[in-house]
Amino acid sequence: MKRVISLILVLSFVLSFPICANAEENKKSNVKSSVLMSLDTGDVIKQNNAYEHLSPASVTKLMSILLILEAIDSGKIKLTDEVAATENAVSKGGSQIWLEVGEKMTVNDLFKAVVIASANDACTLLGEYVAGSDSAFVDMMNKRVETLGLKNSHFENCTGLDDEVTNHYSCAYDLAVIAKEVMKHKLILKYSTVWLDSLRNGKTELNNTNKMINKYNGMTGLKTGTTSNAGFCLCATATRDGISFVSVVLGAQTSDERFALTQELLDYGFANYKLDNIKIDNSKLKTVKVKNGVDKSITPKCELNKKLLLPKNSDKITYEYSFLDEVKAPVKKGDKLGVITVYSGNKKISSIELKSDKNIKSVTFLYIFKKMFNNI
Numbered sequence: 001m002k003r004v005i006s007l008i009l010v011l012s013f014v015l016s017f018p019i020c021a022n023a024e025e026n027k028k029s030n031v032k033s034s035v036l037m038s039l040d041t042g043d044v045i046k047q048n049n050a051y052e053h054l055s056p057a058s059v060t061k062l063m064s065i066l067l068i069l070e071a072i073d074s075g076k077i078k079l080t081d082e083v084a085a086t087e088n089a090v091s092k093g094g095s096q097i098w099l100e101v102g103e104k105m106t107v108n109d110l111f112k113a114v115v116i117a118s119a120n121d122a123c124t125l126l127g128e129y130v131a132g133s134d135s136a137f138v139d140m141m142n143k144r145v146e147t148l149g150l151k152n153s154h155f156e157n158c159t160g161l162d163d164e165v166t167n168h169y170s171c172a173y174d175l176a177v178i179a180k181e182v183m184k185h186k187l188i189l190k191y192s193t194v195w196l197d198s199l200r201n202g203k204t205e206l207n208n209t210n211k212m213i214n215k216y217n218g219m220t221g222l223k224t225g226t227t228s229n230a231g232f233c234l235c236a237t238a239t240r241d242g243i244s245f246v247s248v249v250l251g252a253q254t255s256d257e258r259f260a261l262t263q264e265l266l267d268y269g270f271a272n273y274k275l276d277n278i279k280i281d282n283s284k285l286k287t288v289k290v291k292n293g294v295d296k297s298i299t300p301k302c303e304l305n306k307k308l309l310l311p312k313n314s315d316k317i318t319y320e321y322s323f324l325d326e327v328k329a330p331v332k333k334g335d336k337l338g339v340i341t342v343y344s345g346n347k348k349i350s351s352i353e354l355k356s357d358k359n360i361k362s363v364t365f366l367y368i369f370k371k372m373f374n375n376i
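Per the numbering used here, the very first residue in the sequence shown carries number 1; after that it's consecutive.
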């Protein structure tokens with residue numbers, strides 16, 4: 001019986017499935033795809049074709065924005081750096097700030113133009129500045145897709161212009177995950193919450209393409225997109241009373257439709273869900289045997305600052321603890337050792353991984369020899 005339970009547990013670790021298995025389907029809308037996700041926990045609350053490959057238009061820039069933010073936070077580039085416009089950047093069509101070849105603009109102003117006005121020329125120029133070339137930046141985008149564990153995105157450019165691409169796609173779920181990563185960088189709020197701004201000493205006006213910024217309570221961003229191929233798209237983030245959500249709408253038939261569905265999704269999240277702290281019973285954390293390890297056992301750990309997303313009308317919350325019987329050395333920090341399944345009444349609402357908090361080396365002949373020598 002123990003072997004059966006262990007096998008089921010191992011399979012649950014290996015198999016890939018959506019974060020929230022009981023996410024509701026949002027079937028009423030005519031849009032091609034949509035998703036509502038908790039920014040706090042990553043749980044999917046509502047979805048409609050959330051994994052379908054679609055053209056994301058300028059919502060593509062979420063990945064560009066993430067890489068630029070990471071470059072700023074790491075010190076690779078500075079907001080005060082001045083960048084000279086290249087021929088390649090200036091040649092981009094669509095939304096732009098009409099850069100001229102050789103014109104110098106700070107990273108701050110270029111980034112402002114990207115986030116607020118979705119400027120393709122500014123986005124391309126920043127990508128070149130971060131990576132050295134346009135193509136190198138696109139490579140960075142796709143590598144970041146891999147490190148985030150996303151399976152349904154591939155980018156051919158940093159702007160989302162899709163009239164000359166053949167393999168440029170993403171999905172609502174992946175874009176929500178990228179947005180979640182973007183929102184970890186608090187600097188984004190300096191730009192994404194701005195309704196009107198300007199460049200070139202007031203000569204160039206920037207209007208936020210997200211018309212909900214000054215209309216929806218708690219709106220914090222994030223990115224619109226529109227092309228004839230993609231339709232009307234929007235990734236929106238909002239926070240109220242300490243709880244945050246991200247919605248993604250792809251392939252709406254009209255601009256009004258994308259904003260209406262976005263409001264419907266976010267309203268649903270705020271009206272029906274709350275955050276709660278995980279209440280771990282340490283007495284139920286059993287040790288897991290380590291085969292051929294320098295340590296013979298290890299006690300799984302849980303991320304204590306992790307939050308639970310719960311329905312506001314949830315029943316009594318209970319926790320079910322499951323553990324692997326044994327793991328084989330070497331064990332790496334972060335390896336999965338068990339899972340806590342969270343129930344509201346009889347309904348499963350979440351699962352929390354229990355992990356190793358340290359590395360455990362394998363027992364080797366050299367290790368045994370050193371131990372024997374030290375005991376002499």
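Yeah, the Cβ is synthetic: ideal placement off N, Cα and C, and Gly gets one too.
Note that the coordinates shown come from a computational prediction; the quantities given were computed from them, not determined experimentally.
Residue range of the alpha helix (DSSP H) that includes Ser135: For Ser135, the enclosing alpha helix (DSSP H) covers residues 134-147.
Going by DSSP, which residues form a beta bridge with Val331? In DSSP, Val331 forms a bridge with Ile360.
Nearest-angstrom Cα separation, counted from Lys211 out to Asp256: Rounded to whole angstroms, the separation of the alpha carbons of Lys211 and Asp256 is 10 Å.
Could you tell me whether the region 251-267 touches the region 335-344, where touching means 3 or more Cβ pairs closer than 8 Å? Too few Cβ pairs lie closer than 8 Å, so no.
Going by DSSP, what residue range makes up the beta strand (DSSP E) through Gln263? Run containing Gln263: none in the beta strand (DSSP E); it sits in the alpha helix (DSSP H), 255-272.
Measure from the C-beta of Glu181 to each C-beta in chain D and report whether the shortest distance is under 7 Å. No chain D is present in this structure, which holds just one protein chain.
For Thr204: DSSP bridge partner residues: Bridge pairing for Thr204: Leu199 [DSSP].
Suppose you measure from the CA of Tyr343 to the CA of Lys184; what does that come to, to the nearest Å? Rounded to the nearest angstrom, the two C-alpha atoms are 28 Å apart.
Taking contact to mean at least 3 C-beta pairs separated by less than 8 Å, is the region 53-65 in contact with the region 274-287? The region 53-65, when compared against the region 274-287, does not touch it at the 8 Å Cβ threshold.
So, using beta-carbon positions, are Ile360 and Val339 closer together than 7 Å? Their beta carbons are not under 7 Å apart, which means Ile360 does not touch Val339 by this criterion.
Measure the alpha-carbon distance for Glu87 versus Lys358 and round it to whole angstroms. Distance between the alpha carbons of Glu87 and Lys358 is about 51 Å.
Just mark Arg381 as buried or exposed, buried being the case when its beta carbon has 16 or more other beta carbons within 10 Å. Beyond the ends of the chain as shown, which are 1 and 376, falls residue 381; an answer cannot be given.
Local Cβ density within 10 Å of Pro300, reported as buried at 16 or more and exposed below that: Flag for Pro300 reads buried.
Can you look up Asp163 in the DSSP assignment and give me helix, strand or coil? Assigned with DSSP and collapsed to three states, Asp163 falls in coil, not helix or strand.
For Ala21, which residues in the same chain have their Cβ closer than 8 Å to its Cβ, ignoring the five residues on either side in sequence? At Ala21 the pLDDT is 39, less than 50, meaning the model places this residue with poor confidence and gives no usable figure here.
Assign Val182 to buried or exposed, taking buried as 16 or more other Cβ atoms, counted over all protein chains shown, within 10 Å of its Cβ. Buried, since its Cβ has 16 or more Cβ neighbours within 10 Å.
Are three or more beta carbon pairs between the region 187-199 and the region 171-179 nearer than 8 Å? By the Cβ test, the region 187-199 is not in contact with the region 171-179, since fewer than three Cβ pairs between them sit closer than 8 Å.
Whole-number beta carbon distance between Val130 and Phe137, since they are thought to touch under 8 Å: Contact between Phe137 and Val130 is confirmed by a C-beta separation of about 6 Å, below the 8 Å threshold.
What is the DSSP secondary structure of Thr193, counted as helix, strand or coil? Correct three-state label for Thr193: coil.
8 Å CB neighbourhood of Lys296 in its chain, flanking five on each side removed: Cβ within range, chain order: Lys289, Val290.
Within 10 Å of its beta-carbon, does Gly225 have 16 or more other beta-carbons around it, so buried, or fewer, so exposed? Buried, by the Cβ-count rule.
Below 7 Å CB to CB, which residues in the same chain sit around Thr106 once its five sequence neighbours on both sides are set aside? Excluding positions up to five away in sequence, the list reads Leu79, Thr80, Asp81, Glu82.
Rounded C-beta distance between Ser33 and Cys171? I'm assuming under 8 Å. In this structure Ser33 is in contact with Cys171, their Cβ atoms being roughly 7 Å apart against a cut-off of 8 Å.
Considering only residues of the region 63-134, which uninterrupted beta strand (DSSP E) runs meet the minimum length of 3 residues and lie entirely inside it, listed in chain order? Residue ranges of uninterrupted beta strand (DSSP E) with 3 or more members, entirely inside the region 63-134 and ordered along the chain, are 82-84, 104-106.
Between the C-alpha atoms of Val351 and Thr341, what's the straight-line distance to the nearest angstrom? The question names Val, yet the displayed sequence has Ser at residue 351. The straight-line gap separating the alpha-carbon atoms of Ser351 and Thr341 is approximately 4 Å.
Asp315 and Gly293 closer than 7 Å at C-beta: Contact flag unset, no.
Sorted by chain position, which residues of the same chain lie with C-beta nearer than 8 Å to Val90's C-beta, five sequence neighbours on each side aside? Here the set comprises Leu99, Glu100, Val101, Asp121.
Based on DSSP bridge pairs, tell me the residues matched to Ser244. Paired residue(s): Thr239.
Under the three-state reduction of DSSP, which class applies to Asp174: helix, strand or coil? DSSP places Asp174 in helix when its eight states are reduced to three.
Taking C-beta to C-beta, are Val246 and Arg258 nearer than 7 Å? For the pair Val246 and Arg258, the CB atoms are not nearer than the 7 Å cut-off.
Put Ala50 into one of helix, strand or coil per three-state DSSP. Ala50 carries a coil assignment under DSSP once its states are collapsed to helix, strand and coil.
Got a sec? Which residues, its chain only, sit under 6 Å from Ala57 by beta carbon, not counting five neighbours each side? Scanning its chain for C-beta atoms nearer than 6 Å, with the 5 sequence neighbours on each side dropped, one finds around Ala57 the residues Gly160, Gly225, Thr226, Thr227, Ala230, Cys233, in chain order.
CA nearest to the CA of Thr318, picked from Leu308, Ala238, Lys104, Val327: Cα-wise, what sits closest to Thr318 is Leu308.
Can you give me the Cβ contacts of Ala85 inside the same chain, cut-off strictly under 8 Å, excluding the 5 residues immediately before and after it? The residues are Leu99, Glu100, Val101, Gly102, Glu103, Lys104, Met105, Asp121, Leu125.
For His154 and Thr147, what's the separation of their Cα atoms in angstroms? For His154 and Thr147, the distance between alpha carbons rounds to 13 Å.
Cβ atoms of Thr209 and Thr237: under 7 Å apart, would you say? Contact flag unset, no.
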